[in-house]
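Number 644 marks the last residue of the sequence shown (our numbering); no jumps.
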Amino acid sequence: MLTTAPASSAQAAYERIPVAVYNKSTAASRAVAEEIAHLIREKRNQGKFCVLGLATGSTPTRIYGELVRMHKEEGLSFQNVITFNLDEYYPMNPASLQSYVRFMKEYLFDHIDIPAHQVHIPDGSLDRDQVQAFCKAYEEKIEAAGGLDLQILGIGRTGHIGFNEPGSSIHSPTRLITLDHITRMDAASDFFGEEHVPRRAITMGVGTIMKARRILLMAWGEGKSNIIRRTVEGDISELVPATFLQNHPNVTFVLDEAAAAQLTRLREPWLVGDCEWTPFLIRKAVTSLCEKVKKPILKLTDRDYNDNGLSDLVTLHGPSYDINIRIFNEMQRTITGWPGGKPGADDTNRPERREPARKRVILFSPHPDDDVISMGGTFIRLHEQGHEVHVAYQTSGNIAVFDDDVMAYADFVADYHQGFEFGGSQTRELFDRVGEHIRNKKPGQVDSREVQIIKGLIRRSEAKAACRYVGIPMDRVHFLDMPFYETGLVRKKPIGPEDVAIIRDLLEEVKPHQVFAAGDLSDPHGTHRVCLQAIYQAVDTLKDAPWMNDCWIWLYRGAWHEWELENIEMAVPISPEELLKKRRAIFKHQSQKDRPLFPGTDEREFWQRAEDRNRATAESYNRLGLAEYEAMEAFKRYIPPFQA
Ligand code: F6R
């Protein structure tokens, strides 16, 4: 069984559910797969069936991948396994792209030796009047199989387990439910728009789940960190159905560090026991103390430290005056208006080197607009300060374009050819074909290759327009169209050697002194995470190249999260004028304006999110008692193992 370090008594004072935290979700997934495999073998040796409750979604995919690997490489057999899936959308055709039947086949069942009649998934294709009887029979089948030996779970941001949304009771059985608005928004990208997400689902009940003899709930990524804290440290409530698990006698939450980040043991480790006061932890303690007591660094007193669980820190590194000065200086030194280094200046305490004065820079942008959204101000500065800035768009971004924009552009090109008498019959035919495809497209259907190409070209033209606006010559604009992305679906392929080779070739060609990359390390759905992996792998293959030692890698944060204060190693101020210029660069991405195809849960447009976030960073610095800027972009350095 997966082992959890026994919680210290102080930890246990906060945590009401046993928790195992892993560095990375990959290691955590392996541990879960091992527990499952162990149970299957144990049951087989006893001549028994192993009854598993399975989940879908992004969380368990690597667990299934690992089980498939164990089947293929280690001979793990599933002949003695009976499975019951948690849920299915309703209505749902099992053959459609979004069905959980299809999901389970793609990730697991098609690759292992489980007999088909031992697999059970709620049936989304039933008539409404058959559903109730089906649910009752589902429960009975679980009972008849001897009950669930092990149930694996993900958790929704609403705190749902299965699709038991807020309001579900602890005794609820398998039934038809109405999905929460947040759940439907989270599923919107799988369905190409929230309006196509079914409103209902069939789900095992909380009562059904609670009867499992063993439960493992997994969560990866910072997006889950708040609901994990609420579930593990908060009171039991129907408003957060996952909290019912506090009453289960044999449950473990398996988390990666990002999902666990809001637990007291990681957020304020000084409250749950002795800590090793590393420079990072001291900075974290001081900056969070400032936020808590609403004081700037230099006004913190011994008493503030003592009253907030930090007396140990004062004893070891104090008095507070010394700690304050030290952290104030550290934070002060992260601020620089010279993200490529300041020529001629003493750089002992600056985030970047002054030499070479003119650096070669590659800014990697996972989607065609992340460069300007996430670090537009720094991008503009780097160029204006004379560095040779290359921009590399890692993916085509082609799924995030509306069909009517495709029509508008295809029509424009056809008219253009006709108007200038370029012999436009082929473009007119293309327009007609594309129009027909789009008119006949069913919700959730994959675009034709032609439509995908046009969508990619639209995004490409917008990225070029933004680069032109910043002043970047076109021979420094690189469209990498990494193959892993080109599925036409929200679900992507894993990265392969061909993706890494593309990045490596560009790095070798430019031999940059600086690389900027999107550092969303743990976003499980994320294209960003995959794009970063490809960069890390490419960098690793180049570790023997002499120029690589001079290459510094800076991570920016994509979308709307910013680095926490304790992580920031370079903060680039943005003046009001620069912020306006950044906004205009973002505006060049017209297909993403007003209402993007995948807005997520945030109502704001991308330029608004970017500005709010950059202003918030500046305000945080200001609250620490540092200079007051209009806005700031923040970066953390990544040091590859061979440079460390
Ligand atoms: C899936 C299920 C859901 C998911 C939850 C998390 O069968 O019942 O409870 O586990 O919505 O989804 P992901 O893993 O996609 O974040």
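From the three backbone atoms N, C-alpha and C, an ideal C-beta is built for every residue, glycine too.
Keep in mind it's a predicted model, so treat the numbers as computed, not measured.
Who does D594 pair with in a DSSP beta bridge?
Bridge partners of D594: none, in fact.
Taking 8 Å as the threshold, find out whether the segment 321-332 comes into contact with the segment 276-290 through three or more Cβ pairs.
Touching, yes.
Identity of the residue in K105, V254 and V406 nearest G65 by Cα:
Measuring from the Cα of G65, the nearest candidate turns out to be K105.
Does the CB of E611 have a neighbour CB from chain C at under 8 Å?
Within the model displayed, chain C is absent; a lone protein chain is all it includes.
Rounded to a whole number of angstroms, what is the C-alpha to C-alpha distance between T56 and N85?
T56 and N85: Cα-Cα distance of roughly 8 Å.
Chain-order list of residues whose beta-carbon lies under 6 Å from that of H171 (same chain, five-residue window excluded):
Closer than 6 Å at the Cβ level, and outside the excluded window around H171, lie G207.
Any heavy atom of the ligand F6R nearer than 5 Å to the CB - residues listed:
In chain order, the qualifying residues are A55, T56, G57, S58, T59, L86, D87, G154, G156 and G162.
For I155 versus I227, is the C-beta spacing smaller than 8 Å?
Cβ atoms of I155 and I227: closer than 8 Å.
R199 lies in the alpha helix (DSSP H); which residues open and close that run?
Where R199 is concerned, there is no enclosing alpha helix (DSSP H), because DSSP gives it neither an H nor an E.
Entirely enclosed beta strand (DSSP E) segments - the segment 246-303, minimum 3 residues:
With a minimum length of 3 residues, the continuous beta strand (DSSP E) runs that stay inside the segment 246-303 are 251-256.
According to DSSP, V572 sits in a beta bridge with which residue or residues?
Looking at the DSSP assignment, V572 forms a beta bridge with E633.
For L255, tell me which candidate among R283, R229, Q418 and K211 has the shortest Cα-Cα distance.
L255 has its Cα closest to that of R229, out of R283, R229, Q418 and K211.
Could you name each continuous beta strand (DSSP E) segment of 3 residues or more that falls completely within the segment 328-401, going from the start of the chain to the end?
Listed in chain order, the complete beta strand (DSSP E) runs (minimum 3 residues) inside the segment 328-401 are 360-365 and 388-393.
State the Cα-Cα distance for the pair A258 and N306, rounded to the nearest angstrom.
Distance from the CA atom of A258 to the CA atom of N306, rounded to whole angstroms, is 28 Å.
Run the CB neighbour count on R529, radius 10 Å, all protein chains shown included, and call it buried at 16 or more, exposed below.
The residue is buried, with at least 16 neighbouring Cβ atoms inside 10 Å.
Check each candidate in R354, R353 and R333 and name the one with the smallest Cα separation from A627.
Minimum Cα distance to A627 is reached at R333.
In three-state terms, what does DSSP make of L148?
In the three-state reduction of the DSSP assignment, L148 falls in the coil class, being assigned neither a helical nor a strand state.
Would you call the segment 292-311 in contact with the segment 338-345, where contact means no fewer than 3 C-beta pairs closer than 8 Å?
Judged by pairs of C-beta atoms under 8 Å, the segment 292-311 does not touch the segment 338-345, as fewer than three such pairs exist.
Since L67 is in the alpha helix (DSSP H), which residue starts that stretch and which ends it?
Per DSSP, L67 belongs to the alpha helix (DSSP H) from T61 to E74.
If you reduce the DSSP assignment to three classes, tell me which class C467 lands in.
Three-state DSSP puts C467 in a helix.
Contacts around L542, its chain only, beta-carbon distance under 8 Å, and the 5 residues preceding and following it disregarded
Hits under 8 Å: R504, L507, E508 and M548.
Give the C-beta separation of N398 and Q452 to the nearest angstrom, bearing in mind that I take them to be a contact with Cβ-Cβ under 8 Å.
Between Q452 and N398 the Cβ distance is about 5 Å, and since that is below 8 Å, they are a contact.
Does the count of Cβ pairs from the segment 14-22 and the segment 232-249 closer than 8 Å reach three?
They touch, by the three-pair rule.
In whole angstroms, what is the alpha-carbon distance linking E605 and A534?
Each residue's CA atom was taken as its position, placing E605 and A534 some 29 Å apart.
Taking the Cβ atom as the reference point for each residue, do E462 and S591 lie within a distance shorter than 8 Å?
Contact flag set, yes.
Does DSSP classify L52 as helix, strand or coil?
In this structure, L52 counts as strand in the three-state DSSP scheme.
Identify the residues that DSSP records as bridge partners of E562: which are they?
According to DSSP, E562 shares a beta bridge with no other residue.
Is V251 closer than 8 Å to L217 when the C-beta atoms are compared?
Yes, Cβ-Cβ distance for L217 and V251 is below 8 Å.
Buried or exposed for Q426, going by 16 or more other Cβ atoms inside 10 Å?
Answer is exposed; the Cβ neighbour count stays below 16.
Can you grab the Cα-Cα spacing for the pair P576 / R637, in whole Å?
So the two alpha carbons sit approximately 26 Å from each other.
Where S396 and Q11 are concerned, what is the direct C-alpha to C-alpha distance, given to the nearest angstrom?
Within the model, the alpha-carbon separation for S396 versus Q11 is close to 46 Å.
Going by other Cβ atoms of all chains shown within 10 Å of its Cβ, with 16 needed for buried, is I639 buried or exposed?
Looking at its Cβ environment, which holds fewer than 16 other Cβ atoms inside 10 Å, I639 is exposed.
Distance, Y536 Cα to D432 Cα:
For D432 and Y536, the distance between alpha carbons rounds to 43 Å.
Would you report the Cα separation of I202 and K141, rounded to the nearest angstrom?
Using only the alpha carbons, I get a separation of about 16 Å.
Among P351, E421, D322 and A610, which residue has its Cα nearest to the Cα of N567?
Of P351, E421, D322 and A610, the residue nearest in Cα terms is P351.
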